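Numbering (the working numbering), first residue to last: 18 to 230.
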């Protein structure tokens, strides 16, 4: 991060709503006890997710990729008591962290945590979701898209949010690794799909907003 980017980041944080004590401690523990703490949404992206949920008012949310639970807590808080958020992660070794902080936030009745592959869990749930936040295994992004769009798990008016869709700029630098190629395929699918409207926000590592027509 350049000096200018660091200064702008501080400016953005200073003039945005503050992070509360629960999320601040969750962020601290994520940095202490995980290998890749950057995988957490963090303060500013958490605020953006909160704002989107408050504006859209979904009653059913799916999150693919729980990690330590930061984004799930942000979205569930904003959604209100009638909304149920289902969050899925393949890694059971970190499950105690989101469980602990979801309880501290008083959201046990609004967030349901699942361990497993989204491709297996979502069909078992059998729910059509109003909003989906995709932040799981980048190599599986195209599979997530097809799963949701082709099997009735989203509907007209649903919104899909795809995280990390710029992948540190690798989507345009000629990289051919599996993660980059899958993200490029995901972006291409959404751009070419006449069933949706999509825009990529160049924020952080890129977030796409995909509206199902």
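Even for Gly, the Cβ is constructed at its ideal location relative to N, Cα and C.
Computed from a prediction, not measured in an experiment: that's the story for all the values here.
1) Closest to residue 150 by C-alpha separation, out of 84, 141, 52, 198, would be which residue?
2) Can you tell me whether DSSP reads residue 203 as helix, strand or coil?
3) If the criterion is Cβ atoms closer than 7 Å, does the pair residue 33 and residue 64 meet it?
4) Here's the rule I'm using: 16 or more other beta-carbon atoms within 10 Å means buried, otherwise exposed. How should residue 131 be labelled?
5) According to DSSP, is residue 53 part of a helix, a strand, or is it coil?
6) What separation, rounded to the nearest whole angstrom, lies between the Cα atoms of residue 137 and residue 180?
7) Does the distance from the C-beta atom of residue 222 to that of residue 183 stay below 7 Å?
8) Answer yes or no: do residue 135 and residue 105 have a C-beta to C-beta separation smaller than 7 Å?
9) Under the DSSP definition of a beta bridge, which residues are partnered with residue 228?
10) Do you know how far the Cα of residue 209 is from the Cα of residue 112?
11) Quick check on residue 158: buried or exposed, where buried means 16 or more other Cβ atoms within 10 Å of its Cβ?
12) Can you tell me whether DSSP reads residue 77 as helix, strand or coil?
So, from the data block:
1) Taking the Cα of residue 150 as reference, the smallest distance to any Cα among 84, 141, 52, 198 is reached at 84.
2) Helix at residue 203.
3) Residue 64 is positioned such that its CB atom lies closer than 7 Å to that of residue 33.
4) Residue environment analysis places residue 131 among the buried positions, since at least 16 neighbouring C-beta atoms fall within 10 angstroms of its C-beta.
5) It is coil, neither helix nor strand.
6) Distance between the alpha carbons of residue 137 and residue 180 is about 21 Å.
7) Closer than 7 Å, so yes.
8) With a cutoff of 7 Å on beta-carbon distance, residue 135 and residue 105 are scored as near each other.
9) Per DSSP, the beta bridge partners of residue 228 are 176, 214.
10) The straight-line gap from Cα to Cα measures roughly 36 Å.
11) Buried is the call here.
12) Strand.
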